[in-house]
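Notes follow once the structure below has been shown.
Number of protein chains: 2
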Amino acid sequence: MPILVQKYGGSSVKDGDRLKAVARKIAEHKAKGFDLVVVVSAMGKTTDQLIQLAHSVSAKPSSREMDMLLSTGEQTSIALLSMALADLGIPARSFTGWQAGIQTEAYHQAARIQTIDPRRIHAALSQGEVVIVAGFQGVSIDGEITTLGRGGSDTTAVALAIALGAERCDIYTDVPGVFTTDPRLVPEARLLPEVTYDEMLELAHLGAKVLHPRSVELAKRFQLPLRVLSSYEDRGGTMIVSTLKDTPGAAGMPGSLETGRVVTGVARDQGIARFTLSNLPNRIHILSEVFNLLEAAHINVDIIIQSLRPEETTEIAFTVQENDALRVLEVFNTSAHPDFQSVRIMYETSLDKVSIVGSGMVTHPGVAAEMFRLLTQAGIEIKMVSTSEIKVSVVVEAKDSERAVNILHEGFHLDRLEALHRVENINDI
Amino acid sequence: MPILVQKYGGSSVKDGDRLKAVARKIAEHKAKGFDLVVVVSAMGKTTDQLIQLAHSVSAKPSSREMDMLLSTGEQTSIALLSMALADLGIPARSFTGWQAGIQTEAYHQAARIQTIDPRRIHAALSQGEVVIVAGFQGVSIDGEITTLGRGGSDTTAVALAIALGAERCDIYTDVPGVFTTDPRLVPEARLLPEVTYDEMLELAHLGAKVLHPRSVELAKRFQLPLRVLSSYEDRGGTMIVSTLKDTPGAAGMPGSLETGRVVTGVARDQGIARFTLSNLPNRIHILSEVFNLLEAAHINVDIIIQSLRPEETTEIAFTVQENDALRVLEVFNTSAHPDFQSVRIMYETSLDKVSIVGSGMVTHPGVAAEMFRLLTQAGIEIKMVSTSEIKVSVVVEAKDSERAVNILHEGFHLDRLEALHRVENINDI
Chain H
201 MPILVQKYGG SSVKDGDRLK AVARKIAEHK AKGFDLVVVV SAMGKTTDQL
251 IQLAHSVSAK PSSREMDMLL STGEQTSIAL LSMALADLGI PARSFTGWQA
301 GIQTEAYHQA ARIQTIDPRR IHAALSQGEV VIVAGFQGVS IDGEITTLGR
351 GGSDTTAVAL AIALGAERCD IYTDVPGVFT TDPRLVPEAR LLPEVTYDEM
401 LELAHLGAKV LHPRSVELAK RFQLPLRVLS SYEDRGGTMI VSTLKDTPGA
451 AGMPGSLETG RVVTGVARDQ GIARFTLSNL PNRIHILSEV FNLLEAAHIN
501 VDIIIQSLRP EETTEIAFTV QENDALRVLE VFNTSAHPDF QSVRIMYETS
551 LDKVSIVGSG MVTHPGVAAE MFRLLTQAGI EIKMVSTSEI KVSVVVEAKD
601 SERAVNILHE GFHLDRLEAL HRVENINDI
Chain Y
201 MPILVQKYGG SSVKDGDRLK AVARKIAEHK AKGFDLVVVV SAMGKTTDQL
251 IQLAHSVSAK PSSREMDMLL STGEQTSIAL LSMALADLGI PARSFTGWQA
301 GIQTEAYHQA ARIQTIDPRR IHAALSQGEV VIVAGFQGVS IDGEITTLGR
351 GGSDTTAVAL AIALGAERCD IYTDVPGVFT TDPRLVPEAR LLPEVTYDEM
401 LELAHLGAKV LHPRSVELAK RFQLPLRVLS SYEDRGGTMI VSTLKDTPGA
451 AGMPGSLETG RVVTGVARDQ GIARFTLSNL PNRIHILSEV FNLLEAAHIN
501 VDIIIQSLRP EETTEIAFTV QENDALRVLE VFNTSAHPDF QSVRIMYETS
551 LDKVSIVGSG MVTHPGVAAE MFRLLTQAGI EIKMVSTSEI KVSVVVEAKD
601 SERAVNILHE GFHLDRLEAL HRVENINDI
């Protein structure tokens, strides 16, 4: 039987009633003849409550013990979901990360999956059981419980789908799919029936919190069909694919050009901090030294700018998530490396990043210029810029970001995209 | 370094403040030069809340998934306690049941420990870490999470103490030790500085909820010094030993006789159901058939009475915990065995068991007669009787049990026991 992997996020299983609704949804798919593997997150705000609990006993809880603590959240969900399924007469079996054979790096709170040994899952499926797997967690080779970092349940689902050779991975969440931008910011935002892996990757990285970026990268690498849809309503959601489908009557033309989608979406990433390190020795290796240090501390760096100048010292600017800011300071203040002994560190917080994304952008020069023009016209100061083939990002003050999103959404005519006509087809998948 | 095993119950770790208090207590013992292994239960009412949650999604949750669910309670505690210790500068490492090498039968919700592989614990101790182990849980040979049944954390602690060759196992709880009876029922109840394994075993089985009986049995078999004491105050608690210490000036005489302790305590076990099976074929194997069936369903039977009569049919009466009553009915109603096809089942609930316990009883005949006289004088109906060398139990109506306990406590002069004088010695251990 074909295997379908489904993932339900925390809001989809936030209480007993929602768990029972999810169980009914699983039962429907089971009846359609799929072997089902279901990945679940911790219920509702459980993870946040556990973090609070940790901070009530320790100023700085260790990563190892945080993983021990947080992994209980998903374990609770899987047990309850299995019970709810059994109550509907559907045999189900729950597995923690270690039981599901999910082996990760020996790193806590942000471990990457190394291998999956799917034997126990296959054994359960072959007995006709629905398999429920705890998202977000795994086990290291030493038998230590690890977690994949927040949002890691998406990655668990995609990794399992690949390891099991699943037909597709469906990510159920609390929104109907991927929108041209956050509908809470822009009421005219439209649901996108299809986006490419690359677009989704940019959108995911850029704060469209629908999917964890690692899961999209993984799906792209293995060309796994991935779908995002609501666990609350029966709209078709958003399919994430390699290339957009051609519209009828335009055979052979890439969909992104044909449908006129140059810009697919506008994303906002809140809580950015910008660091400027100055008085660094102007040596060829200085950039990699800086980022090796940050990498070793597992701090994700986003936009990076190095000034090129013929002086003895140089300057490097970069952005990180605001909640990593203190750790960045710690990294450079405690480094024994001679290059950082006289470094000057400046930083600015309360910044947001606003980005436009679209796989059609690569063939349409001038999109970035249009973006800067729209923002500058509105008197919004652009503090940093970064571009890729399919996106342009700007860092602006947090107070300006909502306005920037609205201006760009309207300026690139996203409110007029004729995108919804494909939903019926996707619903049939 | 000598190893000390400590166990803290749910009320001792019910919130962040209590967890921090426990961490300070552990730090004190660590400073005394012990290698410490600490077993923790789930916080406060966590287990009850998880059971409620299970019943909110399923009318009859499976045992396997209940174990998956309930084992999260202790996992939460061990992580938090390790964090609290680290916050005091004491390196600590938590282990779930499977990480601690606690292998049990492949039976859910009431598994027995088969073996303990202490390698990970020894490795952590040798690095100077305090080891925190999740009580109540283990793992089967197939990698299934199991639990030992409620109160099983005591058993975890004793089993670990034996496997590790610990000096002693200290069970911290919310009462100062073992009393002559429940102080909530009898204000004159006295703390017992010492009881024998056998006395404790009877008291534990009889509803003195200080220690889980399995843990006492295990400690007795391996002659492990066991102590029960309060995590809230610094009284010496109750030592559980093979034979009571001789009092000074009475060398060679068994302590229980010397101190005049014929009856050590009065216990009450609430929520008893009495079954009478009649119209059973009067064959020699009928008793074992009945109890094989109950054993297979893991239903604990307490008092058993078989009528001896020269007829074709016979009658067997027994008591079980009231919450097993429905399962008893199910066992006999679904049995295909020909002997049970025409069985008549009668049962009575709302019964309590009241018992007197004392290792001196064996050398003092007439204690049972005195007990019956005291109860009958007070107009309390005795519905069933059971005796062992060191205890006499009677089943009475629940409405009479509190009065029965008071009458017996006074009638056997337990309020006048000069027991507390030994506390100082025990405090020095």
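Residue numbers (this note's numbering), protein chains in the order written: chain H, 201 to 629; chain Y, 201 to 629.
Backbone N, C-alpha and C define an ideal beta-carbon position, used for all residues, glycine too.
With its beta carbon less than 8 Å from one in chain H, V257(Y) belongs to the interface. For E515(Y), the secondary structure class from DSSP, reduced to helix, strand or coil, is strand. In terms of Cβ geometry, L551(H) and A473(H) form a close pair [threshold 8 Å].
Between the segment 246 to 262 of chain H and the segment 280 to 296 of chain H, the count of Cβ pairs shorter than 8 Å is below three; the stretches do not touch. A residue is called buried when at least 16 other Cβ atoms come within 10 angstroms of its Cβ; R218(H) meets this threshold and is buried. For K591(Y), no alpha helix (DSSP H) segment is defined; the enclosing uninterrupted segment is the beta strand (DSSP E) at 591 to 597.
Among the CB atoms of chain Y, none fall inside 8 Å of the CB of A242(H). The three-state reading of DSSP puts D370(Y) in strand, counting E and B together. Beta-bridge pairing by DSSP links S430(Y) to T373(Y).
Per DSSP, the unbroken alpha helix (DSSP H) holding N533(Y) starts and ends at 525 to 534.
Bounds of the alpha helix (DSSP H) holding Q249(H) are 246 to 257. When the Cα atoms are used, F475(H) and E515(H) turn out to be separated by approximately 10 Å. Per DSSP, E265(H) lies in no beta strand (DSSP E) segment; the continuous alpha helix (DSSP H) that holds it begins and ends at 263 to 287.
Three or more beta-carbon pairs drawn from the segment 578 to 598 of chain Y and the segment 495 to 511 of chain Y are found closer than 8 Å, and the two stretches are therefore classed as touching. Cα atoms of F518(Y) and V222(H): separation of roughly 45 Å, rounded to the nearest angstrom. Membership of E417(Y) in the alpha helix (DSSP H) is indicated by the continuous run 413 to 421. Taken residue by residue, none of the segment 223 to 248 of chain H has a beta-carbon sitting less than 7 Å from a beta-carbon on chain Y. The C-alpha of R483(Y) lies about 36 Å from the C-alpha of R573(Y). Residues of the segment 283 to 297 of chain Y with a C-beta atom less than 7 Å from some C-beta of chain H are M283, A284, A286, D287, S294, listed in chain order.
Nearest CB-CB separation between S262(H) and chain Y: below the 8 Å threshold. Two segments are said to touch when three or more pairs of C-beta atoms, one from each, lie closer than 8 Å; by this definition the segment 603 to 618 of chain H does not touch the segment 244 to 256 of chain Y. A distance below 8 Å separates the beta carbons of S415(H) and D354(H).
Taking CB atoms only, L253(Y) has a neighbour in chain H less than 8 Å away. The alpha carbon of A231(Y) has as its nearest neighbour, out of V239(Y), L253(Y), I278(Y), E329(Y), the alpha carbon of E329(Y). Check the Cα spacing between D434(H) and each of V375(H), T443(H), P425(H), L269(H): the tightest is with V375(H). With respect to D370(Y), H308(Y) sits apart: the two C-beta atoms are not nearer than 8 Å. In this structure, DSSP gives M201(H) a state outside helix and strand, which the three-state scheme calls coil. By the criterion of a C-beta distance shorter than 6 Å, F540(Y) is surrounded in its chain by F532, once the five residues flanking it on both sides are discounted. Between M268(H) and chain Y, the shortest Cβ-Cβ separation is below 8 Å. The C-beta of A279(H) comes closer than 8 Å to at least one C-beta of chain Y.
When DSSP reads this structure, D552(Y) sits in a beta bridge with V596(Y). Chain H places no beta carbon closer than 8 Å to that of G209(Y), leaving this residue out of the contacts. Within chain Y, the residues whose beta carbon sits less than 7 Å from that of L219(H) are V257, listed in sequence order. DSSP places F475(H) inside the beta strand (DSSP E), whose first and last residues are 465 to 481.
Close to G338(H), with beta-carbon spacing below 8 Å, lies no residue of chain Y; the smallest spacing is near 14 Å. Membership of I505(H) in the beta strand (DSSP E) is indicated by the continuous run 501 to 506.
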